[in-house]
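> This is the structure I have questions about; it appears just below.
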Amino acid sequence: MSEKTSATDADPKLVGRLLAIIGKEGIIPPDKLQLDAGLDTLGVQSADVIVILLAIEEEFGVYIPVDSDLAEAKTIGDMVSALARHISAATPDQ
Amino acid sequence: MPDRIAITGMGAVTAVGVGADALWDAAREGRSGVKALKFPEHERLRVKIAAHLFDIDIAKYHERGNPLLLDRFSALALIAANEACKQAGIVPGAAGERCGVIIGSGIGGISAIEEGVRQYYMDCGRENPMLVPRVMTNAAASQVSIKYGAKGPSFCVSSACSSGAQSIGLGMSLIRAGMIDCAIVGGAEALISPATLRSWELLRVLSPTACRPFSAKRDGMVLGEGAAVLVIETERSAQRRGAPCIAELAGYGSTSDAGDILRPDPEGARRSIEMAIADAGLDATEIGYVNAHGTGTVLNDVSEAKALKVVFGAALNRTAVSSTKPIHGHALGAAGSIELVVALRSLLDQIAPPTINWLGPDPAYELDPVPHRARPIETDAVLSNSFAFGGINASLVVRRWS
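Chains as they are written, first to last, in my numbering: chain A, 3 to 96; chain B, 1052 to 1453.
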């Protein structure tokens, strides 16, 4: 997993935007939206991920399949870092 | 002992060309039909690839057909049926009352739906008065029935990605039940239009890069289109007509997960595979090649690999398993029939076609998917799997004719 950056390595502004999208589209209460919170614990299901990815496409113009490294995400932090990697790779100037 | 069911004709049209030979040559050589999309209006699409038949001149194959009446999926079904019926010695108009037609399709005439909706709401262009008979999912089966004079039951099985396999299995069941002696069976799908492709994008199951079944770093499926059709009949019917018995359609299994609408369940897949092998009167160790459903999505491939491991056990190391979806794309309702043609040719030539685009093993399971290059096999029986959204599983077994 050495090629992966942790969520904290991503640009804090980007992390903030991603958390806002995940919270809104995944309907996660703000007090529970922590990087170490488990997706299963929060009840984030595959249908929620699909909606989150639609919102990501709307905001960043980036297509991310559910079957990317996102499929391995276990926590909010894993999801944020996977999304950040895709967005940074697709839009280097973001 | 009931009459064996013979496969006496096969035909296919896919992104790698017209004909079962074109399909098999590409599958064996690992040559992909996935191409950059060619749409005049695809700005909103993020995924830019599909196994798209954009260079086929469909009109060339239907000199007498009314283009207003024939949707693309029906036209593809007719092209495949023409090849299969020619091989089986069925001439147009002559199939008769004891011959049925079952052509599956997941969506049916989607291009006609899109055309009609656009014309109605945008008020553009002359409207097509034949939208209804073009759109209906049974249009392909009906067109084939009309052309070949097949007057037994004709209908469409629409069960998403299992449509093609279930159509073949159901045709076999009707013959076994004595309702008909012969059936023209298969699947047809033509849904690579911008708006439909977008709906698959929205589900985020499409890979933006490449279809890599059973591979590390796989990231989804690549859509395809096409059709494949078989002629199947009792041994007696084949002998009476002097048709060639190419192979035996020996086993059919189908199950439902009764679980999640999208997420596959290895248990449902296992039961389907076991049912087909048992129906053929075989043991798993006698299956020498499996044409896997192998979509290249994370979930399907894990689920299918687990199911195969349970059914085959230690014998899985000696059974060639590959997915040819990177070659012809995931043709949805046509997939099961296209892949049965590949499995059948693999049996006849004793060669397992490769899984291309493979980058290395997925640590989640043990499976050698015949990466990159075809491999010789020695076997009398092969299996083809189809697993659909809705939790619908279907498996078919073909055995060497002896």
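Ideal Cβ placement from N, Cα and C applies to all residues, glycine included.
Flag Glu1355(B) as yes if its beta-carbon sits less than 8 Å from any beta-carbon of chain A, otherwise no.
no
> Should Leu1119(B) be labelled buried (16 or more other beta-carbon atoms within 10 Å of its own) or exposed?
In the assembly as shown, Leu1119(B) is an exposed residue. Its beta-carbon has fewer than 16 other beta-carbons within 10 Å.
> For Glu5(A), which of helix, strand or coil comes out of DSSP?
Residue placement at Glu5(A) is poorly supported in this model, since its pLDDT is 42, which falls under 50; the coordinates are not used for a value here.
> If I follow the unbroken beta strand (DSSP E) through Met1061(B), where does it start and stop?
1056-1065
> Which of the three DSSP states is assigned to Arg1269(B) in this structure?
DSSP places Arg1269(B) in coil when its eight states are reduced to three.
> So which residues of chain A does Leu1258(B) contact, with C-beta pairs closer than 8 Å?
Contrary to the premise, residue 1258(B) reads as Ser rather than Leu in this sequence. Per Cβ cutoff of 8 Å: Pro67, Asp69.
> Of all Cβ atoms in chain A, is any one closer than 8 Å to the Cβ of Leu1410(B)?
no
> Roughly how many whole angstroms lie between the Cα atoms of Gly28(A) and Asp69(A)?
The straight-line gap from Cα to Cα measures roughly 18 Å.
> Considering only the alpha carbon of each residue, which of Val1372(B), His1344(B), Asn1189(B) lies closest to Ser1476(B)?
This structure leaves residue 1476(B) out entirely; chain B is present only between 1052 and 1453.
> Which word fits Ser1266(B), buried or exposed, when buried means at least 16 other C-beta atoms lie within 10 angstroms of its C-beta?
By the neighbour-count definition (other C-beta atoms within 10 Å, threshold 16), Ser1266(B) is a buried residue.
> In chain A, what lies closer than 9 Å to Ala1271(B) by C-beta?
Before going further, note that residue 1271(B) is Gly rather than Ala in the sequence given. Here the neighbours are Pro67, Val68, Asp69, Ser70.
> Could one say the Cβ of Ile52(A) lies closer than 8 Å to chain B's Cβ atoms, at least one of them?
Closer than 8 Å: yes.
> Closer than 8 Å, Cβ to any Cβ of chain A: which residues of the region 1084-1099 of chain B, in chain order?
Arg1097, Val1098
> Quick one: grab the DSSP three-state call for His1093(B).
coil
> Anything in chain A within Cβ reach of Asp1337(B), meaning under 9 Å, just list it in chain order.
Correcting the residue type first, residue 1337(B) is Glu in the shown sequence and not Asp. Chain A residues near Glu1337(B): none, gap ~34 Å exceeds 9 Å.
> Assign Phe1105(B) to one of two classes, buried (16 or more other C-beta atoms within 10 Å of its C-beta) or exposed (fewer than that).
exposed
> Report the option in Glu1094(B), Gly1339(B), Gly1238(B) whose CA atom is closest to the CA atom of Ile1153(B).
Gly1238(B)
> Taking 8 Å as the cut-off, does the region 1426-1435 of chain B touch the region 1331-1341 of chain B (at least 3 CB pairs, one atom from each stretch)?
yes
> Give a yes or no on whether the C-beta atoms belonging to Pro1405(B) and Val1372(B) are separated by under 8 Å.
no
> Does Thr1348(B) come within less than 8 Å of chain A when only Cβ atoms are used?
Interface residue (Cβ-Cβ distance to chain A less than 8 Å): Thr1348(B) is classified as such.
> Mind checking which residues open and close the alpha helix (DSSP H) that includes Ala1234(B)?
That residue, Ala1234(B), is in no alpha helix (DSSP H); its beta strand (DSSP E) goes 1233-1240.
> In chain order, what residues of the same chain lie with their CB nearer than 8 Å to the CB of Asn1179(B), ignoring the 5 residues before and after it?
Leu1119, Ala1163, Glu1166, Gly1167, Gln1170, Arg1185
> So that I know if they touch, is there some Cβ in chain B lying closer than 8 Å to that of Met3(A)?
Interpretation of Met3(A) is limited by its pLDDT of 38, a score under 50 that renders its predicted location unreliable; no figure is taken from the coordinates.
> Let's test the definition: count the other Cβ atoms within 10 Å of the Cβ of Asp13(A) and tell me whether it reaches 16, buried, or not, exposed.
exposed
> Going straight from the alpha carbon of Pro1259(B) to that of Arg1426(B), what length do you get?
29 Å
> Would you call the region 1309-1325 of chain B in contact with the region 1354-1373 of chain B, where contact means no fewer than 3 C-beta pairs closer than 8 Å?
yes
> Using the three-state DSSP reduction, which class does Gly1068(B) fall into: helix, strand or coil?
strand
> Kindly indicate if chain B contains any beta-carbon less than 8 Å away from that of Leu20(A).
No, Leu20(A) does not count as interfacial toward chain B.
> Quick one: give me the first and last residue of the alpha helix (DSSP H) that Asn1351(B) is part of.
1349-1363
> What does the Cβ neighbour count give for Ser1435(B), buried or exposed, with the cut at 16 atoms within 10 Å?
buried
> Compute the minimum distance between the beta carbon of Val1098(B) and the heavy atoms of the ligand COA, and state whether it is under 7 Å.
This structure does not include the ligand COA; it has no bound ligands of any sort.
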